[in-house]
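Asker: This is the structure I have questions about; it appears just below.
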Amino acid sequence: MSEKTADAGLADTVRGLITPIVAVEAGPVLLCLQAVQQHYGYVPEGAVAVVTDVCNVTRADVHGVFSYYSDLKKAPPPAISVRLCAAEACQAVGGRALAAAWREACEKDPGLAADTGIDEPVFCLGNCALGPAAMVDDKLVGCADVARLKAAVDAAREAAL
Amino acid sequence: MTVWFVPRDAAAQSVGAQQVAEALEARGETVVRTGSRGLLWLEPLVERAESRTGTRVGWGNVTAENITAALPAESDPGYLGEVEAIDYLACQERWIYQRVGIIDPLDPEDYLAHGGLSGLRRALAMTPEAVVEEVFASGLRGRGGAGFPTGIKWRTVAQQDAAVHVGDPVDASRHKYICVNADEGDSGTFADRMLMEGDPFCLLEGMAIAAYAVGADRGVVYLRSEYPAAIAVLSEAIKTARERGWLGQGILDSSCDFDVTIRVGAGSYVCGEETAMLESLEGRRGMVRAKPPLPAIEGLFGTPTVINNVLTIASVPSILDRGAESYAALGQERSKGTQVFQLAGNIARGGIVELAFGVTAQSLIHELGQGTRSGRPVKAVQLGGPLGAYLSADALEVPMAYEALAAEGCMLGHGGIVVFDDTVDMAEQARFAMEFCVEESCGKCTPCRIGAVRGVEVIDGLLASDAPAEAEQLLRDLCDVMTQGSLCAMGGLTPQPVLSALNQFPEDFKRHGMKPPAA
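Top line first, the protein sequences correspond to chains Y and C.
The first sequence maps to residues 747 to 907 in the working numbering.
The second sequence maps to residues 2 to 520 in the working numbering.
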């Protein structure tokens with residue numbers, strides 16, 4: 747497929763995703779970007795121009811929103827997302843040490859690093875009495891350690907099959 | 002018939018409740034999925050009764066392997082006896098959390114059987130003005146952290162005319178909004194999440210009462226993306242509520258039209274600030290607005306808007322049901338009613354404690370919480386989230402109430418209590434407070450955007466300094482600028498954890514000649 751047709755395909759898909767949102771929502775830019783991310787797992791470069799066009803706002807408006815929110819990603823995410831809580835309640839029960847141990851485990855296991863992209867810190871997952879907390883894809887992990895995280899990653903791999 | 006109750010709450014599932022429920026079902030047992038009782042150190046907490054409504058006995062820390070081997074028995078080491086007689090639960094005064102852990106959160110019949118909708122029914126039989134006055138008389142204040150009297154906020158919105166959306170033609174339909182702030186980003190807080198997962202109809206009922214009282218037709222719950230389970234449960238509850246006529250055109254056959262949608266956040270802490278939340282709901286960068294105009298007058302899309310925290314709105318059904326007077330009889334001074342405290346961090350018995358205002362931090366941490374999970378001495382406690390002050394272990398006699406805490410230079414925030422043992426390095430915590438502000442500042446005002454970056458550098462400089470007195474003065478000056486000059490609480494309160502750490506634990510900052518900690 748040539749680059750041009752790929753772009754046209756993307757534009758059509760994005761237009762199809764966001765047109766129904768723009769038709770009913772008063773302030774649709776963030777919702778549109780979230781819908782695009784939901785579909786692709788990230789916001790592909792060509793999508794911003796389509797959102798700009800369909801929402802009838804400036805490119806700067808869309809870029810401003812896109813770059814503001816940490817959930818909105820520029821590049822495809824790893825197969826499995828592993829997010830370790832970096833906030834105070836988890837710090838109080840060894841969150842910093844767990845983050846270091848997890849990085850080390852990923853360095854030793856290239857397959858793990860490739861699948862998870864190591865980890866992405868997050869500030870609070872709402873599991874503050876059972877820390878350290880982590881989220882593997884959409885599953886919350888309590889009293890996390892490296893073994894429990896690996897087990898959760900294995901379960902996520904299995905679920906993806 | 003024997004019924005088993007296993008929480009579906011995300012925290013309970015994070016330590017294996019789902020597998021426990023599946024193991025029970027595999028044995029052919031009847032399992033009801035509930036919210037969590039909030040006794041989180043016991044999760045997965047499995048309960049058993051002779052019928053759906055019978056007295057429940059429980060077992061703590063059950064595993065799927067336990068269940069597969071044999072059904073829980075009274076002789077097991079994890080046997081707890083009657084669940085509601087457990088000291089942690091028996092002492093509580095549950096208004097907001099009255100049904101959480103007891104009912105199946107998505108079963109509307111269960112909700113009705115446990116007093117659901119009686120608040121809304123009573124409200125609909127009153128005039129809207131009388132409902133506002135009832136909430137005012139209860140003394141309810143905003144549970145998100147600011148503590149603004151809810152009745153006054155509602156009265157203000159009720160007095161406004163509904164407005165068209167900004168930019169819409171003037172003949173477009175006019176609206177008022179009820180916005181629920183469920184962007185619970187403070188570390189150490191999880192009460193909004195557990196309420197939404199454990200009793201979502203309670204939140205919707207509270208929103209409907211608010212809508213009737215102020216004349217709003219639209220409701221939005223701004224829910225953070227880090228809570229996928231809460232998003233799923235609340236979405237399902239909204240669908241059911243619409244089917245039942247609890248939401249939509251003419252709720253409960255009244256003349257009140259009201260519907261609710263969920264908007265999912267996108268990972269920005271500052272969107273928990275009400276005006277940043279409005280910006281985000283309008284699809285823009287979540288940057289703080291200058292006030293005035295107050296959201297109650299010009300809020301979402303320029304319409305009069307009630308913005309309340311989940312716990313504030315969830316307090317309303319029981320206030321209407323049981324009466325403002327009995328609510329206002331709880332608490333002290335101008336801190337009326339109950340607060341949902343969340344015991345978190347390094348604590349032996351972490352969880353949800355709903356009690357009248359006035360209980361001391363000491364009693365919450367040492368009597369109910371039974372000290373640290375590590376068994377080491379408590380060194381510091383952070384109250385009120387990442388922008389709240391650190392208290393030292395000998396200052397915990399302070400009553401948990403708005404006025405008493407303010408007098409100590411602390412704040413209640415969203416009711417989170419994070420405990421640290423004596424291994425914590427308070428200079429590292431102070432540095433983290435600044436780092437967090439760097440990460441999460443919306444960037445609109447300079448003291449916060451630049452001050453936080455400089456704050457990290459100044460703390461690093463202080464720790465490595467040959468002239469610590471000068472470096473400390475610089476840090477204090479910077480904190481003063483941030484406190485006085487920031488537009489909202491993000492930059493304005495970040496100095497709280499920094500200065501409280503510096504003032505109470507000066508020894509942690511004395512590392513003359515040492516290198517700063519690695520980032």
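Quick reminder that beta carbons are idealized off the backbone N, C-alpha and C, glycines included.
Output the boundary residues of the beta strand (DSSP E) element that contains A381 (chain C).
Answerer: That run of the beta strand (DSSP E) goes 379 to 384.
Asker: Please name the residue or residues paired with G249 (chain C) in a DSSP beta bridge.
Answerer: In the DSSP output, where bridge partners are listed per residue, G249 (chain C) has C:F259.
Asker: Measure the C-alpha to C-alpha separation of C449 (chain C) and S375 (chain C) and round it to an integer number of angstroms.
Answerer: Cα to Cα, C449 (chain C) sits roughly 35 Å from S375 (chain C).
Asker: Which residue from C:N67, C:S466, C:E237 puts its Cα closest to that of R512 (chain C)?
Answerer: Minimum Cα distance to R512 (chain C) is reached at C:S466.
Asker: Between the beta-carbon of A214 (chain C) and the beta-carbon of V132 (chain C), is there less than 8 Å?
Answerer: For A214 (chain C) and V132 (chain C), yes; Cβs fall inside 8 Å.
Asker: Which residues in chain Y have a C-beta closer than 7 Å to the C-beta of R194 (chain C)? List them in chain order.
Answerer: Residues of chain Y passing the Cβ test: G872.
Asker: In terms of residues, what are the limits of the alpha helix (DSSP H) holding N67 (chain C)?
Answerer: Run containing N67 (chain C): 65 to 70, per the alpha helix (DSSP H) assignment.
Asker: Can you look up E791 (chain Y) in the DSSP assignment and give me helix, strand or coil?
Answerer: Three-state result, E791 (chain Y): coil.
Asker: Does DSSP put T35 (chain C) in a helix, a strand or coil?
Answerer: In this structure, T35 (chain C) counts as strand in the three-state DSSP scheme.
Asker: Which word fits R805 (chain Y), buried or exposed, when buried means at least 16 other C-beta atoms lie within 10 angstroms of its C-beta?
Answerer: When all chains shown are included, R805 (chain Y) counts as exposed.
Asker: Under a CB-based cut-off of 8 Å, is G505 (chain C) close to chain Y?
Answerer: Looking at the sequence itself, residue 505 (chain C) is Gln, so the reference to Gly does not match. By this cut-off, Q505 (chain C) is not an interface position.
Asker: Quick one: what does DSSP say W96 (chain C) is sitting in, helix, strand or coil?
Answerer: Here W96 (chain C) sits in coil by DSSP.
Asker: Taking CB distances under 8 Å as the criterion, tell me whether S119 (chain C) reaches chain Y.
Answerer: For S119 (chain C), the answer is no, since every Cβ of chain Y falls outside 8 Å of its Cβ.
Asker: Which residues in chain Y sit within 8 Å of N523 (chain C), going by Cβ to Cβ distance?
Answerer: Any answer about residue 523 (chain C) is impossible in this case: the structure gives chain C only from 2 up to 520.
Asker: Going by alpha carbons, who is nearest to A901 (chain Y) out of C:Q20, C:V459, C:P318?
Answerer: The option with the nearest alpha carbon to A901 (chain Y) is C:Q20.
Asker: Say whether the region 143 to 161 of chain C touches the region 835 to 848 of chain Y, bearing in mind that this needs 3 or more beta-carbon pairs closer than 8 Å, one atom from each stretch.
Answerer: No contact exists between the region 143 to 161 of chain C and the region 835 to 848 of chain Y.
Asker: When you compare the CB positions of D917 (chain Y) and A825 (chain Y), do they come within less than 8 Å of one another, or not?
Answerer: Outside the shown range of chain Y (747 to 907) lies residue 917 (chain Y), about which nothing can therefore be said.
Asker: With DSSP as the reference, label F443 (chain C) as helix, strand or coil.
Answerer: According to the sequence displayed, residue 443 (chain C) carries Cys and not Phe. The answer is coil: DSSP assigns C443 (chain C) none of H, G, I, E or B.
Asker: Is any beta-carbon of chain Y found at less than 8 Å from that of Y270 (chain C)?
Answerer: Answer yes: the Cβ-Cβ gap between Y270 (chain C) and chain Y drops below 8 Å somewhere.
Asker: How would you write the range of the beta strand (DSSP E) that Y223 (chain C) sits in, first residue to last?
Answerer: Note, Y223 (chain C): beta strand (DSSP E), 219 to 224.
Asker: Return the first residue and the last residue of the alpha helix (DSSP H) that L204 (chain C) is part of.
Answerer: Where L204 (chain C) is concerned, the enclosing alpha helix (DSSP H) stretches over 201 to 215.
Asker: Closer than 6 Å by C-beta to Q363 (chain C): which residues in its own chain qualify, once you throw out the five before and the five after it? Chain order, please.
Answerer: Excluding positions up to five away in sequence, the list reads L397, E398.
Asker: Please report whether the beta-carbon of Y815 (chain Y) lies at a distance below 8 Å from any beta-carbon of chain C.
Answerer: For Y815 (chain Y), the answer is yes, since a Cβ of chain C falls inside 8 Å of its Cβ.
Asker: Since L282 (chain C) and V221 (chain C) should fall inside the 8 Å C-beta cutoff, what is the C-beta to C-beta distance between them, to a whole number of angstroms?
Answerer: At roughly 6 Å, the Cβ-Cβ gap stays under 8 Å, so L282 (chain C) and V221 (chain C) are in contact.
Asker: Just the chain C side, please: which residues come within less than 7 Å of P790 (chain Y) by C-beta, in chain order?
Answerer: Going along chain C, no residue has its Cβ under 7 Å from P790 (chain Y), so there is no contact; the nearest lies around 17 Å.
Asker: With 8 Å set as the bound, which would you pick, yes or no: does the beta-carbon of D884 (chain Y) sit closer than that to a beta-carbon of chain C?
Answerer: Yes - at least one Cβ of chain C is within 8 Å of the one on D884 (chain Y).
Asker: Does any CB atom of chain C fall closer than 8 Å to the CB of P912 (chain Y)?
Answerer: Because residue 912 (chain Y) is not part of the residues shown, which for chain Y are 747 to 907, the question remains open.
Asker: According to DSSP, is T3 (chain C) helix, strand or coil?
Answerer: It is coil, neither helix nor strand.
Asker: Could you give the DSSP three-state label for N873 (chain Y): helix, strand or coil?
Answerer: It is coil, neither helix nor strand.
Asker: If you measure between the beta carbons of K380 (chain C) and F342 (chain C), is that distance less than 8 Å?
Answerer: Taking 8 Å as the Cβ cut-off, K380 (chain C) and F342 (chain C) do not qualify as a contacting pair.
Asker: Could you pull out every residue in the same chain whose Cβ sits closer than 7 Å to the Cβ of G346 (chain C), ignoring the five residues on either side in sequence?
Answerer: So the list reads G189, V419, V420, F421, once near-sequence residues are dropped.
Asker: In terms of residue numbering, what span does the alpha helix (DSSP H) encompassing D322 (chain C) cover?
Answerer: Where D322 (chain C) is concerned, the enclosing alpha helix (DSSP H) stretches over 311 to 323.
Asker: Measure the C-alpha to C-alpha separation of M747 (chain Y) and T759 (chain Y) and round it to an integer number of angstroms.
Answerer: Note that M747 (chain Y) scores a pLDDT of 48, beneath 50, so its modelled location is shaky; the value from the coordinates is reported in the next line. Their Cα atoms are separated by approximately 16 Å.
Asker: Please list the partners that V868 (chain Y) has in chain C, where partner means a Cβ-to-Cβ separation under 7 Å.
Answerer: Ordered by position in chain C, the residues that pass the 7 Å Cβ test against V868 (chain Y) are E227.
Asker: Give a single yes or no on whether G755 (chain Y) has its beta carbon closer than 7 Å to a heavy atom of the ligand SAM.
Answerer: The ligand SAM is not part of this structure, which contains no ligands at all.
Asker: For the alpha helix (DSSP H) that E83 (chain C) lies in, which residues bound it at each end?
Answerer: From DSSP, E83 (chain C) is part of no alpha helix (DSSP H) but of the beta strand (DSSP E) over 80 to 83.
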